[in-house]
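Undergrad: Chains as they are written, first to last, in numbering that gives the first Met the number 0: chain A, 0 to 427; chain B, 0 to 344. Every residue gets a Cβ at the ideal spot worked out from N, C-alpha and C, and that includes glycine.
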Amino acid sequence: MADIAERERAGKARAAPTVEGGALGWLRRNLFSSWGNALTTVVLLGFVVWIGIWFVDWAIVHATFEAANGPECGKGQGACWALIGEKYRYIFFGSFPYEQHWRPLFACIAMLAMLLLSCDRRMWNWRLLVIWTVGSFVTFLLMFGELRFPLTLFFLVGLVAGGIGWGMRAGIASPREIAIHKALTIVGGIGLALRIVGVIPAWGLEINAFSYVETGLWGGLPVTLILATYGLVFAFPYGILLALGRRSNLPLVKGLCVGFIELIRGVPLISLLIMASVMLPLFLPTGSNIDKFLRALVAVILFAGAYIAEIIRGGLQSLPRGQFEAADAMGLNYLQKTSLIILPQALRVVIPPLINTFIGFFKDTSLVLIIGIFDFLNTANQALVDPNWAGFPGEVYIFAAAIYFVFCYSMSRYSKYLEVELNKGTRR
Amino acid sequence: MRTITSLAGAAALAVTIGAAGAAHAGKDLDAIKARGQLICGVSTGTAGFSLADSKGVWTGMDVDVCRAVAAAIFGDASKVKYVPTTAQQRFTALQSGEVDMLSRTTTWTLTRDTALGFDFTGVSYYDGQGFMVNKKLGVKSAKELNGATICVSPGTTTELNLADYFRANKMQFKPVVIEKADEIRAAFFTGRCDVYTTDASSLYSVRAANVPAPLTAADFVILPEIISKEPLGPVVRHGDNQFGDIVRWALYAMVEAEEYGITSANVEQMLKSEDPTIKRILGVTPGMGKALGVDEKWVVNIVKQVGNYGEAFDRNLGAGSPLKIERGLNQLWTKGGLQYSPPIR
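1) Within its chain, find whatever has a CB closer than 6 angstroms to the CB of Gly25 (chain B); leave out the 5 residues flanking it on each side and keep chain order.
2) According to DSSP, is Phe130 (chain B) helix, strand or coil?
3) Quick check on the burial criterion: 16 or more other C-beta atoms within 10 angstroms. Buried or exposed for Asn60 (chain A)?
4) Do Gln87 (chain B) and Ile372 (chain A) have their CB atoms nearer than 9 angstroms?
5) How should Pro280 (chain A) be labelled, buried or exposed, when 16 other C-beta atoms within 10 angstroms of its C-beta is the threshold for buried?
6) Can you look up Thr197 (chain B) in the DSSP assignment and give me helix, strand or coil?
7) So the candidates are B:Pro321, B:Thr110, B:Ser320, B:Phe312; which of them puts its Cα closest to the Cα of Leu331 (chain B)?
8) Closest to Ile350 (chain A) by CA distance: which of A:Glu145, A:Leu224, A:Leu417 is it?
9) Is any heavy atom in the ligand SAM found nearer than 8 angstroms to the beta carbon of Gly309 (chain B)?
10) Look at the alpha carbon of Val41 (chain B) and the alpha carbon of Ala216 (chain B), and state the distance between them as a whole number of angstroms.
11) Please report how far the alpha carbon of Gly393 (chain A) lies from the alpha carbon of Phe64 (chain A), in whole angstroms.
12) In the DSSP output, what is Ser42 (chain B) paired with across the bridge?
13) Counting only Cβ-Cβ distances shorter than 9 angstroms, please list the residues of the segment 380–399 of chain A near chain B, keeping chain order.
14) Chain A partners of Pro223 (chain B), CB-CB under 8 angstroms?
15) For Phe375 (chain A), report the span of its alpha helix (DSSP H) as first-last.
16) Please classify Trp49 (chain A) as buried or exposed, where buried requires at least 16 neighbouring CB atoms within 10 angstroms.
17) Pairing CB atoms from the segment 143–154 of chain A with CB atoms from the segment 190–210 of chain A, are three or more of them under 8 angstroms?
18) Classify Ile260 (chain A): buried if its beta carbon has 16 or more other beta carbons within 10 angstroms, exposed otherwise.
19) In the DSSP assignment, the beta strand (DSSP E) including Cys407 (chain A) goes from what residue to what residue?
20) When DSSP labels each residue in this structure, what does Gly336 (chain B) get in the three-state scheme?
21) Report the option in B:Gly190, B:Asp274, B:Thr148 whose CA atom is closest to the CA atom of Val176 (chain B).
22) May I ask you to list the residues that DSSP assigns as paired with Arg126 (chain A)?
23) Identify the continuous alpha helix (DSSP H) that holds Leu82 (chain A) and give its terminal residues.
24) Hey, Phe148 (chain A) and Gly197 (chain A) are a contact pair by Cβ (cut 8 angstroms); roughly how many whole angstroms apart?
25) Met113 (chain A) and Trp131 (chain A) look like a contact to me (Cβ under 8 angstroms); what is the Cβ gap, rounded to whole Å?
26) Show which residues of chain A have a CB atom less than 9 angstroms away from the CB atom of Val62 (chain B).
27) Considering only C-alpha positions, which residue in the set A:Val232, A:Arg13, A:Cys107, A:Cys79 is nearest to Leu451 (chain A)?
28) For Gln128 (chain B) versus Thr196 (chain B), is the C-beta spacing smaller than 9 angstroms?
29) When we look at the beta-carbon of Gly35 (chain B) and count the other beta-carbons within 10 Å, is it buried (16 or more) or exposed?
30) May I ask you to report which of helix, strand or coil DSSP gives Lys139 (chain B)?
31) Apply the 10 Å Cβ neighbour rule to Leu291 (chain B) and answer buried if 16 or more other Cβ atoms are within range, or exposed otherwise.
32) Between Gly77 (chain A) and the rest of its own chain, which residues show a CB-CB distance below 8 angstroms, the 5 nearest in sequence each way excluded?
33) Is the Cβ-Cβ distance between Asp193 (chain B) and Lys134 (chain B) less than 9 angstroms?
34) Between Ser5 (chain B) and the rest of its own chain, which residues show a CB-CB distance below 7 angstroms, the 5 nearest in sequence each way excluded?
35) Mapping the DSSP letters down to three states, classify Leu146 (chain A) as helix, strand or coil.
36) Which one or two residues does DSSP pair with Ala51 (chain B) in a beta bridge?
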């Protein structure tokens, strides 16, 4: 006080604190606020520029973009992008018949379209089911060339859809609707039973659009996308069931779920894949084989399911008891309570760790290379072995890393967006 | 398994297990003929031996053995389905019937031939551990390597063979033990060690492909001494001797064709040859095919579509390939090598 009074007496007021605007001000505030910070800025900036110049020089200025073979390519001082030009079709599509590469290409496009559409919240209703049915049908028709839907599948779908509808709509829907659900369930159940017993003969809806290509010839990006997408799509409901089972009051269900989750989480994915590819065939009778690709997919589903279950359990635990009790008080049955009240809230909470798991699994699918499945990373590796083009691992791995980055970064941005979008209600 | 639908992965698995009860066809050969395709286990990518090229087509020495077997059985070398197998799964894949035969740089040893229930049907490539040195050292023989620093990967038979060899020759060496193959190569090419030791075929491919600029392949020599035996060959499982015979003789036919000068280019003229041996080999004088249970033109089909042993070697591993591996032990017995086919008669 005395100080101010003194100044006022002296007739000079203290100047208002200046806030420097503009780029210069931002630079000073953020990068050069003290001698130490300025020095750090300069050193790091110098380092980044040095790396950048070196990289541009290597990757663009002195790079070779066209060459007939590796040794010719190696004469240049920089990167050999001609290798990627020669090998990109193999890296993307593996041993899929060369003239038919448009098929895995459109399969990838169908899968990406399906995934992108599913990202839109306006699609999160019956549309999602349509998108995935159509998308999956197109993808697998393109990849296999021909599909066969056995009668068993139709009965199974009827049974499951009817059962879920029955449980979900009980006490809410009109008796007419319930009757339809009941009928669907009963027809599905009886049909399935009769088919298994053998009363109904084997029949399948066959669609032969293109030449048949077996999974052994699949490779590259479609394999990575299918393993990651369908691995997680099946693992997700499975994980939800496991998480709910772990919180069940029935000791047997709870024990089984806990045992399964802990067993799977206790072993690395590699050991599960090796089990699926090395041990499983030994237990089966000679000559009978489950498709190697399917075995790997099942291993991924089992593994991802256990992890997703634990994440979802975290979400379930974060809900206050009142939510459960309120749902009970409204007379909702277990299925309605869980799907309408509990899960929407629980899943919202766990979106960041879920996407984190998804990103992790997208990359973990590359582990299938140890059982001889040619996913994207493995086809890239294969391109390196060709003696005509050997000696440029950097280029191939940078290319592969760039593709992986595009996918993982998109997922991470989407999770960020979703987090904001879903938490609008709790945000101030 | 054609019936895989995306919507029912798990259900399909259950259905498959149920359907898997069908009895095994008894004879492997019958199963192969019924299928119309030979299923051949190859490696997941070994330069010169089995490798998918830029168009995804499998090529290599091991692949050519599979093609020869298909040519003998079907008269068509393209009727092969290649199943890439890793070192861990290869034996299970053969035992469980996932593949009909293995042709993937597998060393013939007693335990594999007996306890695992397999039969090795021959040797398609005689490999062995060798040494590579920088030309500047002026070393001409492994016997001059006393006191050398040697790059080797740990925990392999390679490391044990190396120690045995130096002890037997009363020499000293300093090992530089590095786990990863590309790190070993980097250590060798930057001069951290004088010598790099591993299987000779691998040394050749490293020299052909991995020498960093400004050095070239000519700056390095692979010493003549081979200090271990690694005979690589096709493998079948016990239980179908007829199929085993076909695999065995498909490879021998390639060797025999080279010995008698039958190549993919001149096989048509050779059909007119008066030499009784060549007439027998090419089925002009019938009997051999019948004995083996294949078409009488089996050797003609193999040589025309795959080539003789020398042609396959040259194309995949030798002078005609980037690997430039010398024939060495894989030369015909008439030229000082070990490739020797029992007579086709």
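TA: In this structure, then:
1) For the purposes of this step, residue 25 (chain B) is identified with residue 26 of the second sequence, where counting begins at 1. Confidence at Gly25 (chain B) is low in this model, with a pLDDT of 43, below 50, so its placement is unreliable and the value that follows should be read with caution. So the list is empty, once near-sequence residues are dropped.
2) By one-based count along the second sequence, residue 130 (chain B) stands at place 131. Reduced to three states, the DSSP call for Phe130 (chain B) is strand.
3) Taking the first sequence and counting its residues from 1, one reaches residue 60 (chain A) at position 61. Before going on, a small fix: residue 60 (chain A) reads as Val here, not Asn. Exposed, since its Cβ has fewer than 16 Cβ neighbours within 10 Å.
4) Translated into positions along the second sequence, residue 87 (chain B) becomes position 88. Translated into positions along the first sequence, residue 372 (chain A) becomes position 373. No, the Cβ-Cβ distance between Gln87 (chain B) and Ile372 (chain A) is not below 9 angstroms.
5) Counted from its first residue, the first sequence places residue 280 (chain A) at position 281. That one is buried.
6) As a working note, residue 197 (chain B) is residue 198 in the second sequence. Of the three classes helix, strand and coil, the one that applies to Thr197 (chain B) here is strand, per DSSP.
7) Translated into positions along the second sequence, residue 331 (chain B) becomes position 332. Taking only the C-alpha atoms, the option nearest Leu331 (chain B) is B:Phe312.
8) Against the first sequence, residue 350 (chain A) aligns to sequence position 351. When only C-alpha atoms are compared, the closest one is A:Leu417.
9) Ligands displayed in this structure: none; no statement on the ligand SAM is therefore possible.
10) The count along the second sequence starts at 1 and reaches residue 41 (chain B) at position 42. The count along the second sequence starts at 1 and reaches residue 216 (chain B) at position 217. Distance between the alpha carbons of Val41 (chain B) and Ala216 (chain B): 28 angstroms.
11) As a working mapping, residue 393 (chain A) is identified with position 394 in the first sequence. As a working mapping, residue 64 (chain A) is identified with position 65 in the first sequence. Roughly 15 angstroms between the two C-alpha positions.
12) Looking up residue 42 (chain B) in the second sequence gives position 43. Paired residue(s): B:Thr84.
13) Asn380, Gln381, Ala382, Leu383, Val384, Asp385, Pro386, Asn387, Trp388, Ala389, Gly390, Pro392
14) In the second sequence, counting from the first residue as 1, residue 223 (chain B) sits at position 224. Correct list: empty, because the minimum Cβ distance to chain A is about 23 angstroms.
15) Translated into positions along the first sequence, residue 375 (chain A) becomes position 376. Element bounds for Phe375 (chain A): 375–384.
16) Against the first sequence, residue 49 (chain A) aligns to sequence position 50. Exposed, because fewer than 16 other Cβ atoms sit within 10 Å of the Cβ of Trp49 (chain A).
17) yes
18) Within the first sequence, the letter at position 261 stands for residue 260 (chain A). By the neighbour-count rule (16 or more Cβ atoms within 10 Å), Ile260 (chain A) is buried.
19) Position 408 of the first sequence holds residue 407 (chain A). No beta strand (DSSP E) holds Cys407 (chain A); the alpha helix (DSSP H) holding it covers 392–421.
20) Position 337 of the second sequence, counted from the start, is the residue given in the question as residue 336 (chain B). It is coil, neither helix nor strand.
21) If you number the second sequence from 1, residue 176 (chain B) lands on position 177. When each option's Cα is compared against that of Val176 (chain B), the closest is B:Thr148.
22) Residue 126 (chain A) sits at position 127 when you count from the first residue of the first sequence. DSSP lists no partner for Arg126 (chain A).
23) For this step, residue 82 (chain A) is matched to residue 83 along the first sequence. From DSSP, the alpha helix (DSSP H) with Leu82 (chain A) extends over 81–92.
24) By one-based count along the first sequence, residue 148 (chain A) stands at place 149. By one-based count along the first sequence, residue 197 (chain A) stands at place 198. Not confirmed; about 19 angstroms, so no contact.
25) Taking the first residue of the first sequence as 1, we reach residue 113 (chain A) at position 114. Taking the first residue of the first sequence as 1, we reach residue 131 (chain A) at position 132. The Cβ separation is near 6 angstroms, so the contact holds.
26) Taking the first residue of the second sequence as 1, we reach residue 62 (chain B) at position 63. Near Val62 (chain B) there are no residues of chain A at all, since even the closest Cβ is about 12 angstroms away, more than 9 angstroms.
27) Since the first and last residues shown for chain A are 0 and 427, residue 451 (chain A) lies out of range.
28) Residue 128 (chain B) sits at position 129 when you count from the first residue of the second sequence. Residue 196 (chain B) sits at position 197 when you count from the first residue of the second sequence. Closer than 9 angstroms, so yes.
29) Counting from 1 along the second sequence, the entry for residue 35 (chain B) is found at position 36. With fewer than 16 other Cβ atoms within 10 Å, it is exposed.
30) The residue given as residue 139 (chain B) occupies position 140 in the second sequence. Note: Lys139 (chain B) maps to coil in three-state DSSP.
31) In the second sequence, the residue the question calls residue 291 (chain B) occupies position 292. The residue in question, Leu291 (chain B), is buried, as its Cβ has 16 or more Cβ neighbours within 10 Å.
32) Stepping through the first sequence from its first residue, residue 77 (chain A) is reached at position 78. Excluding sequence neighbours, Gly77 (chain A) sits near Asp56, Trp57, Ala58, Ile59, Val60, His61, Ala62, Thr63.
33) Stepping through the second sequence from its first residue, residue 193 (chain B) is reached at position 194. Stepping through the second sequence from its first residue, residue 134 (chain B) is reached at position 135. Cβ distance not < 9 angstroms, so Asp193 (chain B) and Lys134 (chain B) don't count as in contact.
34) Translated into positions along the second sequence, residue 5 (chain B) becomes position 6. Low confidence applies here, because Ser5 (chain B) scores a pLDDT of 37, under 50, leaving its location unreliable and the question unanswered by this model.
35) Position 147 of the first sequence, counted from the start, is the residue given in the question as residue 146 (chain A). Correct three-state label for Leu146 (chain A): strand.
36) Within the second sequence, numbered from 1, the residue matching residue 51 (chain B) stands at position 52. DSSP output for Ala51 (chain B) lists B:Trp57 as bridge partner(s).
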